[in-house]
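Taking it in order: structure first as structure tokens, then the write-up.
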Amino acid sequence: MDLIKEMEERRSTRAFLERPVGREKLERLLSFATRAPSAINLQPWEITVVSGEERVRLSRLLVKRLRERNVSCAPGAKKALPEVFVERQRGLRDVIFPNLPENTPFENFINEGSCNFYGAPTAIIIVIDEIFSSVRLTDIGVLLGYLMLGAHAMGMGTCPIGLITAFEDEIKETLSIPDQKRVVIGVGVGYPDPDASVNRARSERAPLGDVVKWRD
Ligand SMILES: Cc1cc2nc3c(=O)[nH]c(=O)nc-3n(C[C@H](O)[C@H](O)[C@H](O)COP(=O)(O)O)c2cc1C
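Pasting the structure below:
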């Protein structure tokens, strides 16, 4: 495996085949992903793997609540974003839009698609106990990176779904996750649909000069 190549190639998958991912493969993936480092090796993550009928039931609930509450994928900022970030958000929209089937409204595709894990046969829900402060979310971010790259290296696709955190209470209730856990992120996992043009959309990145400062 060429890790640099995997990093270059990985992208979010927004159309999955129905083909399920077997338990053994998911276990291998999770055993690689949980090799992720964490501060003081705390491994503060807790992971629920949802497949089959349970996955369908979860998505049905999320889509229902989405329609009732009119929630939308948002940057999670405390105040209005400076133009540079608005521009990046617009850039993502611009690369996805031309790759959607004709007459597909973008917001619907993203919001309902997210609640449906874009049809992925498995949804992975990562939570953290509320005993931990927000600095421990860094550990979850590292785990997420390992999970996405590991899945890609194993021939699968993933899409992280932050939108589901808007439905934290419902998720905890339906999956019997205790009250004192915080839902941090969901991830759709499965096999990318090779015929779906949306899976060919490649998001851009800011030039290094915009995000890196050198001091020497
Ligand atoms: C923490 C996090 C939350 C995300 N939440 C969503 C989401 O709710 N819905 C979605 O379609 N994509 C979501 N994404 C995917 C991002 O839009 C995507 O990673 C970004 O546009 C870069 O594209 P790439 O993954 O194809 O490189 C999320 C990504 C991250 C890291």
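Read in the numbering used here, the sequence shown has 112 at position 126, and its numbers run on one by one without any break. All residues carry an ideal CB built from backbone N, CA and C; glycine is no exception.
**Item:** Alpha-carbon to alpha-carbon, residue 187 and residue 77
**Value:** Cα-Cα distance, rounded: 11 Å.
**Prompt:** Between residue 168 and ligand 2, is the CB less than 8 Å from at least one heavy atom?
**Reply:** Although ligand 2 was asked about, the structure shown includes only ligand 1 as ligands.
**Collapsed DSSP secondary structure at residue 282 in the structure displayed** = Absent from the structure is residue 282, since the part of the chain shown begins at -13 and ends at 202.
**Prompt:** Cβ atoms of residue 23 and residue 121: under 9 Å apart, would you say?
**Reply:** Taking 9 Å as the cut-off, the beta carbon of residue 121 is found no closer than this to the beta carbon of residue 23.
**Message:** Once DSSP output is grouped into helix, strand and coil, what is the label at residue 113?
**Reply:** If DSSP states are grouped into helix, strand and coil, residue 113 belongs with the strands.
**Item:** Local conformation of residue 118 per DSSP, three classes
**Value:** Secondary structure at residue 118: coil, using DSSP grouped into helix, strand and coil.
**Item:** residue 167, DSSP secondary structure in three states
**Value:** In the structure shown, residue 167 sits in a strand (DSSP, three-state: E or B).
**Request:** Tell whether a beta-carbon distance below 9 Å holds between residue 204 and residue 170.
**Result:** Outside the shown range of the chain (-13 to 202) lies residue 204, about which nothing can therefore be said.
**Message:** Just to confirm the assignment: which complete alpha helix (DSSP H) runs, minimum length 4, are found wholly within the stretch 50 to 120?
**Reply:** DSSP runs (the alpha helix (DSSP H)) wholly in the stretch 50 to 120: 69 to 82 and 92 to 101.
**Asked** Taking C-alpha atoms, which residue in 45, 149, 73 and 140 lies nearest to residue 206?
**Response** Nothing about residue 206 can be reported from this structure: the residues present for the chain run from -13 to 202 only.
**Asked** Which of helix, strand or coil does DSSP assign to residue 175?
**Response** In the three-state scheme derived from DSSP, where H, G and I count as helix and E and B as strand, residue 175 is classed as strand.
**Prompt:** Would the C-beta of residue 149 count as close to ligand 1, meaning under 8 Å from any of its heavy atoms?
**Reply:** Yes, Cβ of residue 149 sits closer than 8 Å to a heavy atom of ligand 1.
**Asked** Under the rule that 16 or more other beta-carbon atoms within 10 Å means buried, what is residue 142, buried or exposed?
**Response** With 16 or more Cβ atoms within 10 Å of its Cβ, residue 142 is classed as buried.
**Message:** Rounded to the nearest angstrom, what separates residue 101 and residue 52 at their Cα positions?
**Reply:** Computed Cα separation, rounded: 8 Å.
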